[in-house]
Ligand SMILES: [Zn+2]
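Residue numbers (the numbering used here): 14 to 270.
Right, dumping it as structure tokens:
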């Protein structure tokens with residue numbers, strides 16, 4: 014067996030508590046080791062996503078953010094710290110992730126991604142996590158994922174409400190982000206305008222990390238076709254069925270597939 018197809022003693026110990034789960038086991042851990050995920054945005058959602066995926070042993074994390082750390086970020090963006098203020102979010106996150114798990118390979122995208130560089134970044138991974146904070150980025154990321162047939166774990170949180178779903182273009186029954194939100198929504202609002210509580214983005218980001226681990230390691234039932242709505246004020250979770258829109262201009266029959 015080659016080095017790539019087994020886990021060494023250090024890895025067996027580091028990941029022992031999840032390898033114990035029959036749904037993951039050594040095979041699932043190896044699948045994580047050979048997986049690559051792209052995280053778009055290293056803010057409130059991207060922080061727990063990056064921390065948990067690095068800690069869980071996802072082999073390669075590609076980090077995209079063109080922003081730098083600001084004092085107003087630190088109330089919720091827990092991958093960064095006070096000493097990182099002014100530093101690029103990608104560099105700040107890479108230092109923290111490397112400290113947590115030196116075995117994870119890290120790739121940096123420090124500039125804003127245009128259509129071509131976004132398509133290349135999506136093509137280079139197995140799964141994408143949208144942790145951005147604006148509608149135009151979400152639409153662009155979705156279109157790139159549909160074009161490249163890559164699963165997209167999408168989360169959002171604003172004020173005291175969170176939303177989460179998984180869009181998997183490899184499945185004929187899966188809607189895409191545009192099927193749901195194509196007509197625009199409150200996603201136009203950003204946290205800098207509307208405000209948000211830290212544990213809520215932590216919750217949504219943690220659920221995104223969980224969905225990503227399930228898809229990459231191959232266990233459980235994903236959120237494909239379901240939209241999870243979180244009401245932080247009342248501590249309530251609700252679920253909506255969501256369907257593919259046959260007339261969707263991104264994933265529908267008329268979109269040139
Ligand atoms: Zn669609």
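We treat Cβ as the ideally placed atom computed from N, Cα and C, and that holds for glycine.
Item, Value
"In angstroms, rounded to a whole number, what distance separates the CA positions of residue 215 and residue 84?", "18 angstroms"
"If you follow the alpha helix (DSSP H) that residue 244 is in, where does it begin and where does it stop?", "Counting along the chain, residue 244 falls outside any alpha helix (DSSP H), though it belongs to the beta strand (DSSP E) covering 239-244."
"Quick one: grab the DSSP three-state call for residue 168.", "strand"
"Please specify which runs of the alpha helix (DSSP H), each continuous and at least 4 residues long, are wholly inside the region 58-109, giving them in chain order.", "59-69"
"Where residue 270 and residue 262 are concerned, what is the direct C-alpha to C-alpha distance, given to the nearest angstrom?", "Note that residue 270 scores 45 on pLDDT, short of 50, meaning its location in the model is unreliable and no value can be drawn from it."
"Could you name the residues whose beta carbon sits closer than 5 angstroms to any heavy atom belonging to ligand 1, keeping them in chain order?", "189, 191, 192, 261, 263, 264"
"Less than 8 angstroms between the C-beta atoms of residue 111 and residue 119, yes or no?", "yes"
"So what does residue 178 bridge to, in DSSP terms?", "167"
"Would a C-beta distance cut-off of 8 angstroms place residue 53 and residue 158 closer than the cut-off?", "no"
"Taking the DSSP output, what are the residues bridged to residue 250?", "243"
"The alpha helix (DSSP H) with residue 37 in it runs from where to where?", "No alpha helix (DSSP H) holds residue 37; DSSP gives it neither H nor E."
"With 16 as the cutoff for other CB atoms within 10 Å, does residue 19 come out buried or exposed?", "exposed"
"Should the region 25-37 be called in touch with the region 49-64, which here means at least 3 C-beta pairs below 8 angstroms?", "no"
"Taking C-alpha atoms, which residue in 229, 163, 46, 191 lies nearest to residue 255?", "191"
"Considering only their Cβ atoms, is the gap separating residue 109 from residue 82 smaller than 8 angstroms?", "no"
"Between the Cα of residue 89 and the Cα atoms of 187, 196, 58, which residue gives the shortest distance?", "58"
"On the three-state DSSP scale, how would you describe residue 119?", "strand"
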